[in-house]
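K.L.:
Sharing a structure, written as structure tokens. Questions coming.
Numbering (full-length UniProt numbering), first residue to last: 1 to 667.
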């Protein structure tokens, strides 16, 4: 910062106005100012300046604090203070160089910062303070209300100023500035408790006439009362899925009504989404919006030469011919026109300070709220983000199947369980304990859309592959495949898969279980195989049939058992063969029963080595090297007649029932 090389000859001492700057005393001389102040809006002061130096370097003054002093007759000076945001050398006036400077309060710097970021579990006031802390900010939160923490609040592609402005407007918070010779302080307000009476001007007289622009009696010489029809009723609704036991329970609804002084003021406004999740919050939001409307319904404006008039100040009006106007008011806006020609004039005589102010005021019986004019950013299309989690968790979710994500525009560096709010995940269908469920895992890239375009309301609607997470098959070589493939949790090296291959002539439905497969069918299970069916089991095969089992084999039934074949039949066992039956054992064959009947239509032969017994027709032949008949008690050989035994019963197995064919898609 450079000061002027020479000391100016002209001084501002003992003058009714002065400019102070880092360039040095009297480097800049006050010649005039036009300014605008308004509650909840940026202020701007446009200064006309003189200087004995015509070589002021622009960068020496841009961004620097500058103060303006305006003396009041019989009162304390009025100060304006701000930072130089524009500066121009405009020419010469006599021996003076002329300059123009634009001053803004520090809040103006927020209009130059554009950002995307996430705030979680903080109140509106805490968020505003976090933003302010990045600036040369002096502020005072003179607030009366309490504010609930916002679970999730996003600044998206908007200036810091637009972001805090819309937060304040929606919460019913506004601001004004207190200024002194060397600084200014932003005051956050939400009620009249933040306001004080105008300094040395708590009561102002109405005096019709040309008082404005003079150094005479301070007064208000113009007064206008204005009314406008406004929305008579405000209502809003929103949806909270955590209360969605029924449609009615999940939609908090609130309503507020303005008792208008005007007839036929019956216009109602309904809004959705309202920007709240509970009924209590709904009441606050709608009441704030109604107060903003009410503040515009009836206003006063005036002209005055009272230098103390400033937005945020209170005053009492008196001596107005309409008695109902003599009450207390809050100054909501002011426009200043100030000039001073005491340094140079064509006639050589000093001109006095000229001050005029046009202002707006609100009857102090009505709450002030800044109109909701700052738009909320809208995300019109989908974005992608990466799923995040906590403590190296591969799956990070809650009871609703929600996930946390980090957007590509998020520069916070946080990629854990606090990177976002819990974000709901859209499934192909969802019902009461039924539906589809696929949870995105940490590291996956997911597609995120936003309900009503609101950045504060994200919804995961899908997922996409990328260079770090390629598809399960090499493409385009396997482009005919469609599949659902899982991935084993926590470092497992397997997966389960359902795959469809539509390659002509090689169509396939593939099912793979990485470990166990459990199938439960409450009723019938039908399976039809058009050709062969192969079953290979590496371990044991267990089957249990509570009813009957029916097997039909049209061709041969071949089996091989490496161990023991064991059957335990509670009822009868029936075997029937249309051809021969051959039974062979390398060891013994034992038959044991109460009765055994062997019957052959032609011949029955029993043979052991060289001995045979042949039963053929009506003869029995016993032959062998030695035939011994031994009876420990008696041996009867009866040739007089036949002793006929019972006949063997023919096998009559029950025919199996045919299976029901599975649905082939034509049913």
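We put the beta carbon where it would ideally sit given N, CA and C, even for glycine.
Which of the three DSSP states is assigned to residue 414 in this structure?
P.N.:
coil
K.L.:
Go to residue 124, then tell me how far its alpha helix (DSSP H) extends in each direction, as first and last residue.
P.N.:
124-132
K.L.:
Between residue 286 and residue 235, how many whole angstroms is the CB-CB distance? I'm expecting something under 8 angstroms.
P.N.:
6 angstroms
K.L.:
Is it buried or exposed for residue 14, if we count other Cβ within 10 angstroms and need 16 for buried?
P.N.:
Looking at its Cβ environment, which holds fewer than 16 other Cβ atoms inside 10 Å, residue 14 is exposed.
K.L.:
Could you have a look at residue 435 and say whether DSSP puts it in helix, strand or coil?
P.N.:
strand
K.L.:
CA-CA distance, residue 494 and residue 514?
P.N.:
5 angstroms
K.L.:
For residue 103 versus residue 124, is the C-beta distance shorter than 8 angstroms?
P.N.:
Result no, Cβ atoms of residue 103 and residue 124 do not sit closer than 8 angstroms.
K.L.:
According to DSSP, which residues form a beta bridge with residue 503?
P.N.:
Bridge partners of residue 503: none, in fact.
K.L.:
Can you tell me where the alpha helix (DSSP H) with residue 469 in it begins and where it stops?
P.N.:
Residue 469 -> no alpha helix (DSSP H), and no H or E assigned at all.
K.L.:
Less than 7 angstroms between C-beta atoms, sequence neighbours within five positions excluded: which residues of the same chain meet that for residue 527?
P.N.:
662
K.L.:
From the DSSP output, in three-state form, read off residue 10 for me.
P.N.:
When secondary structure is reduced to three states using DSSP, residue 10 falls in the coil class, being assigned neither helix nor strand.
K.L.:
Using 8 angstroms for Cβ pairs, my map puts residue 272 next to residue 455. What's the rounded Cβ distance?
P.N.:
Not really, about 18 angstroms apart at Cβ, beyond 8 angstroms.
K.L.:
Run the CB neighbour count on residue 290, radius 10 Å, all protein chains shown included, and call it buried at 16 or more, exposed below.
P.N.:
buried
K.L.:
Helix, strand or coil for residue 106 per DSSP?
P.N.:
helix
K.L.:
In its own chain, which residues sit with a C-beta less than 8 angstroms from the C-beta of residue 599, not counting the 5 before and 5 after it?
P.N.:
647 and 648
K.L.:
In whole angstroms, what separates the C-alpha of residue 148 from that of residue 122?
P.N.:
8 angstroms
K.L.:
Out of 30, 336 and 42, which one is the CA nearest neighbour of residue 175?
P.N.:
Selected option, being the one with the closest Cα: 42.
K.L.:
Do residue 8 and residue 31 have their C-beta atoms within less than 8 angstroms of each other?
P.N.:
no
K.L.:
Which ranges would you report for the alpha helix (DSSP H) in the stretch 143-182 if only whole runs of at least 4 residues count?
P.N.:
160-171
K.L.:
Thinking C-alpha only, which one of 106, 168 and 61 is nearest residue 375?
P.N.:
Of 106, 168 and 61, the residue nearest in Cα terms is 168.
K.L.:
Would you report the Cα separation of residue 355 and residue 306, rounded to the nearest angstrom?
P.N.:
8 angstroms
K.L.:
Check whether the stretch 480-496 touches the stretch 459-470, taking contact to mean three or more Cβ pairs, one atom from each stretch, closer than 8 angstroms.
P.N.:
no
K.L.:
Under the rule that 16 or more other beta-carbon atoms within 10 Å means buried, what is residue 500, buried or exposed?
P.N.:
exposed
K.L.:
Taking Cβ positions, are residue 10 and residue 343 nearer each other than 8 angstroms?
P.N.:
yes
K.L.:
Contact between the stretch 99-113 and the stretch 74-88: three or more CB pairs below 8 angstroms?
P.N.:
yes
K.L.:
Find the nearest neighbour of residue 382 within the set 398, 408, 540 and 203, judged by alpha-carbon distance.
P.N.:
408
K.L.:
Give me the residue from 40, 162, 229 and 300 with the minimum Cα distance to residue 173.
P.N.:
40
K.L.:
Count the C-beta pairs between the stretch 189-206 and the stretch 392-406 that are closer than 8 angstroms, then say yes if the count reaches three, no if not.
P.N.:
By the criterion of at least three beta-carbon pairs nearer than 8 angstroms, the stretch 189-206 is not in contact with the stretch 392-406.
K.L.:
Taking C-alpha atoms, which residue in 609, 205 and 425 lies nearest to residue 323?
P.N.:
Minimum Cα distance to residue 323 is reached at 205.
K.L.:
Per DSSP, residue 206 is paired with what?
P.N.:
220
K.L.:
Assign residue 33 to one of three DSSP states: helix, strand, or coil.
P.N.:
strand
K.L.:
Under three-state DSSP, which class holds residue 59?
P.N.:
helix
K.L.:
Going along the chain, which unbroken runs of the beta strand (DSSP E) with 3 or more residues stay wholly within the stretch 600-645?
P.N.:
Fully enclosed beta strand (DSSP E) runs of 3 or longer: 603-608, 611-616 and 619-623.
K.L.:
In whole angstroms, give me the CA-to-CA distance for residue 166 and residue 115.
P.N.:
15 angstroms
K.L.:
Run through DSSP, which three-state label would residue 291 get?
P.N.:
Residue state, collapsed to three classes: helix.
K.L.:
Judging by CA-CA distance, which residue of 655, 592, 82 and 561 is the nearest neighbour of residue 137?
P.N.:
Looking at the Cα atoms, 82 is the closest of the given residues.
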